[in-house]
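Chemist: Under the numbering used here, the first residue of the sequence shown carries the number 12, and numbering increases by one thereafter.
Yeah, the Cβ is synthetic: ideal placement off N, Cα and C, and Gly gets one too.
These numbers were taken from a predicted model, which means no experiment stands behind them.
Could you have a look at this structure, given as structure tokens, before my questions?
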Amino acid sequence: MSTALIPHLVVHDGVAAIEFYKAALGAVEVFRMPAQDGKRLMHASLTIGGSPLFLNDDFPEYCEGKAKAPKHTGSTAVTLHINVPDCDAAIVKMADAGATVTMPAADMFWGDRYGRVQDPFGHEWSFSTTLSPERAQAAKEAFAKQGIC
């Protein structure tokens, strides 16, 4: 039996979230199950780059009201990370689809080009591209000069 980690997001407006993830991340919709109220999504399954992602709408009437979207809590404690061939292009595509850039892409001391966005549903996403050894060393030296590492 294999084990897989599948992020499961709680969102406000699941239908809009699916459309956003399709436009911004090239998500493919696998399955959608509407709730009995006909307005919310009980469950949806997407794939992004071959990896699964589950989502559902807020249901404060379940789980003692604890399963809330970031829009209702004001924050999220998790960042979803994707390693991509072009970090800058991925961030631009997310922003063009409606995300807010929270950290512009930059070369980082650990050897990646890295940046972050917040999607319209309050979830944090980060993107990275592995740097060449030369650029990774230059980034490490630049951070060291600033006293960061």
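Got a sec, what are the start and stop residues for the beta strand (DSSP E) Gly93 sits in?
Modeler: Sequence check: residue 93 is Ile here, not Gly. Here the beta strand (DSSP E) through Ile93 covers Thr90 to Asn94.
Chemist: Around the Cβ of Val128, are there at least 16 other Cβ atoms within 10 angstroms (buried) or fewer (exposed)?
Modeler: The residue in question, Val128, is buried, as its Cβ has 16 or more Cβ neighbours within 10 Å.
Chemist: From Asp48 to Asp68, what does the alpha carbon distance come to, in whole angstroms?
Modeler: Taking the straight line joining both Cα atoms gives about 12 Å.
Chemist: For Gly122, which option in Tyr73, Lys79, Asn94 and Gly37 has the closest C-alpha, if you only look at C-alpha atoms?
Modeler: Here the closest residue by C-alpha is Asn94.
Chemist: Which residue from Phe138, Lys82 and Cys98 puts its Cα closest to that of Met132?
Modeler: Correcting the residue identity first, residue 132 is Phe in this sequence and not Met. Of the listed residues, the one whose Cα sits closest to Phe132 is Lys82.
Chemist: Name the two residues that bound the continuous alpha helix (DSSP H) containing Asn117.
Modeler: Reading the sequence as shown, one finds Ala at residue 117 and not Asn. Segment Thr111 to Asp118 is the beta strand (DSSP E) holding Ala117; no alpha helix (DSSP H) there.
Chemist: Are there 16 or more other CB atoms within 10 angstroms of the CB of Asp130, so buried, or fewer, so exposed?
Modeler: The residue in question, Asp130, is buried, as its Cβ has 16 or more Cβ neighbours within 10 Å.
Chemist: Pick helix, strand or coil for Arg146, following the three-state DSSP scheme.
Modeler: DSSP places Arg146 in helix when its eight states are reduced to three.
Chemist: What residues in its chain sit with their C-beta under 6 Å from that of Phe169, if we drop five residues either side in the sequence?
Modeler: Because the chain in this structure spans residues 12 to 160, residue 169 falls outside the shown range and cannot be described.
Chemist: In the DSSP output, which residue or residues are listed as bridge partners for Asp99?
Modeler: Asp99 is not bridged to any residue.
Chemist: Considering just the uninterrupted stretch of the beta strand (DSSP E) at Pro18, what are its terminal residues?
Modeler: Counting along the chain, Pro18 falls outside any beta strand (DSSP E), and DSSP gives it neither H nor E.
Chemist: Per DSSP, what are the beta-bridge partners of Tyr125 in this structure?
Modeler: Partner(s): Ala117 and Ser139.
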